[in-house]
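Engineer:
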Amino acid sequence: MIDILRHSGELLVRARRVVVFTGAGISAESGIATFRDAQDGLWMGVNPSTVASQNGFSEDPGLVWRWYMHRLADITRVEPNPGHIAIVDLFALVRRAVGHSFTLVTQNIDDLHERAGSPQVLHLHGSLARFRCNRCRSIHHLQDMDRSASLPPSCLLCGEFVRPDVVWFGETLPGQTFAEATAAARRCDLMLVVGTSGLVYPANELPFIAHASGATVIDVNPEPTEFSRVARVYLQGRAGTVLPALLEETRLLTENPQT
Ligand code: OAD
């Protein structure tokens, strides 16, 4: 493992433009169930692909609201883990040492990257920190939400229900954010993929776009994924262990370039 960590560190130090692309796996060690885990019934016995949809909301807005408030409570009570923190430190290290540009793209709707200290995060699937009207799209703020209500609040402008500002199944990704993420994937020379199964389109295209544009792809995951085919390096293991180890190898390389 040390050898491939060292090799990955060398690739990182040599790269000029780095994208880190994360999925639910990075938050797993903080105690947030991944989507695949959740389908086994961990979140209130509800299948996310049924409830996280416009149909689910129309059929039972109260259920969808309570499900998201339950997720929000889970997210609020947990902390960023060593994987989130290693990404912040990796950004700082390579920016200081070799002047890289770094882009962090996540599929997660939690705010654990931000709470770890990542200043700019492209949230492809939106964020549970924001809410919007289901009709007029006016923005509503987390602090105004009654988290124990059994129904979503109504929009003050048009009276329609308010919903989380997240991407549901069948909906398109936020255009500007996806365009920025795609552009970063196209021009990066290294993409570090962490904790995503690669099953959800179109976010799962990003590693393939990076690879097709000539970038090196490194995949960090306890299980092989859809990206195994294009990943030059597969770092098998949990993000909270692998990323701090990768950070340490990279630190040694930047401090002693000859070793
Ligand atoms: P998934 O739940 O599909 O996959 C989680 C991945 O994390 C799996 O490949 C696990 O092997 C891996 N994993 C688990 N524990 C890990 C750990 N400690 N360290 C690193 N990896 C670990 O989650 P995503 O790929 O993020 O979409 O799913 C993408 C999208 O599917 C989500 O954003 C969501 C969902 O449906 C929407 O909500 C639109």
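In short: position in the sequence shown from 1, add 53, done, that's this note's numbering.
All C-beta atoms in this analysis are idealised placements derived from N, C-alpha and C, irrespective of residue type, glycine included.
Throw me the rounded Cβ distance for the V286 and I271 pair, which I believe falls under 8 Å.
Structural biologist: Position 233 of the sequence shown, counted from the first residue, corresponds to residue 286. Position 218 of the sequence shown, counted from the first residue, corresponds to residue 271. Indeed, because the Cβ distance is near 5 Å, the residues count as touching under 8 Å.
Engineer: Spell out whether any CB of chain B is found under 7 Å from the CB atom of H137.
Structural biologist: Given the protein chain composition of this structure (a single chain), no chain B is represented.
Engineer: From which residue to which residue does the alpha helix (DSSP H) around M198 run?
Structural biologist: As a working mapping, residue 198 is identified with position 145 in the sequence shown. Here M198 belongs to no alpha helix (DSSP H), and DSSP marks it neither H nor E.
Engineer: Touch check for the region 249-269 and the region 64-79: three-plus C-beta pairs under 8 Å?
Structural biologist: Yes, the region 249-269 touches the region 64-79.
Engineer: Quick one: what's got a C-beta closer than 7 Å to L125's C-beta in the same chain, skipping five residues either side?
Structural biologist: Taking the first residue of the sequence shown as 1, we reach residue 125 at position 72. Closer than 7 Å at the Cβ level, and outside the excluded window around L125, lie L181 and R200.
Engineer: Counting pairs of beta carbons, one from the region 225-243 and one from the region 181-196, are three or more of them closer than 8 Å?
Structural biologist: Judged by Cβ distances under 8 Å, the region 225-243 makes no contact with the region 181-196, as fewer than three pairs qualify.
Engineer: Does the region 277-294 touch the region 115-123, meaning 3 or more C-beta pairs lie closer than 8 Å?
Structural biologist: Result no; under three Cβ-Cβ pairs closer than 8 Å.
Engineer: I'd like the span of the alpha helix (DSSP H) that includes P217, first residue to last.
Structural biologist: Numbered from 1 along the sequence shown, position 164 holds the residue referred to as residue 217. Note, P217: premise wrong, no alpha helix (DSSP H); beta strand (DSSP E) at V215 to V219.
Engineer: Just the Cα atoms here: how many angstroms apart are L219 and T278?
Structural biologist: Sequence index remark: in the sequence shown, residue 219 carries index 166 (1-based). Sequence index remark: in the sequence shown, residue 278 carries index 225 (1-based). It is worth fixing the name first, because residue 219 is Val in this sequence and not Leu. Taking the straight line from one Cα to the other gives about 25 Å.
Engineer: Alpha carbon to alpha carbon, what distance is there between S83 and V295?
Structural biologist: Your numbering for residue 295 matches position 242 in the sequence shown. Your numbering for residue 83 matches position 30 in the sequence shown. Between V295 and S83, the C-alpha separation is close to 15 Å.
Engineer: For V72, does the three-state DSSP call read helix, strand or coil?
Structural biologist: As a position in the sequence shown, residue 72 is number 19, starting the count at 1. Here V72 sits in strand by DSSP.
Engineer: DSSP puts F155 in a beta bridge; with which residues?
Structural biologist: The count along the sequence shown starts at 1 and reaches residue 155 at position 102. Answer is V71, bridged to F155.
Engineer: What is the rounded straight-line gap between the Cα of A2 and the Cα of L157?
Structural biologist: Residue 2 is absent from the model: the chain starts at 54 and stops at 312.
Engineer: Can you name, in chain order, every residue of its own chain whose Cβ lies under 6 Å from the Cβ of L95, other than the five neighbours on each side?
Structural biologist: For this step, residue 95 is matched to residue 42 along the sequence shown. Confidence is the limiting factor: at L95 the pLDDT is only 49, short of 50, which leaves the residue's position unreliable, though a coordinate-based value still follows. Here the set comprises A86.
Engineer: Which residue's Cα is closest to the Cα of N134: N274, V66, S111 and P297?
Structural biologist: Here the question's residue 134 lines up with position 81 in the sequence shown. Nearest of N274, V66, S111 and P297 to N134, Cα basis: P297.
Engineer: Can you give the beta carbon distance from R185 to C211, rounded, assuming they're within the 8 Å contact cut?
Structural biologist: Here residue 185 corresponds to residue number 132 of the sequence shown, with the count starting at 1. Here residue 211 corresponds to residue number 158 of the sequence shown, with the count starting at 1. About 11 Å separates the two Cβ atoms, so there is no contact after all.
Engineer: Under 8 Å by Cβ, that's how I've got V73 and V147 pegged, so tell me the actual separation to the nearest angstrom.
Structural biologist: In the sequence shown, the residue the question calls residue 73 occupies position 20. In the sequence shown, the residue the question calls residue 147 occupies position 94. At roughly 11 Å, the Cβ-Cβ gap does not stay under 8 Å, so V73 and V147 are not in contact.
Engineer: Please return the same chain residues whose Cβ sits closer than 6 Å to the Cβ of P310, not counting the five positions on each side in sequence.
Structural biologist: Residue 310 sits at position 257 when you count from the first residue of the sequence shown. Closer than 6 Å at the Cβ level, and outside the excluded window around P310, lies no residue.
Engineer: In chain order, what residues of the same chain lie with their CB nearer than 7 Å to the CB of R89, ignoring the 5 residues before and after it?
Structural biologist: Residue 89 sits at position 36 when you count from the first residue of the sequence shown. Taken in chain order, the residues that qualify are S250.
Engineer: Hey, is H178 close to the ligand COA, as in C-beta under 6 Å from one of its heavy atoms?
Structural biologist: No copy of the ligand COA appears in this structure; the ligands present are the ligand OAD.
Engineer: Which of helix, strand or coil does DSSP assign to I271?
Structural biologist: By one-based count along the sequence shown, residue 271 stands at place 218. It is a strand residue.
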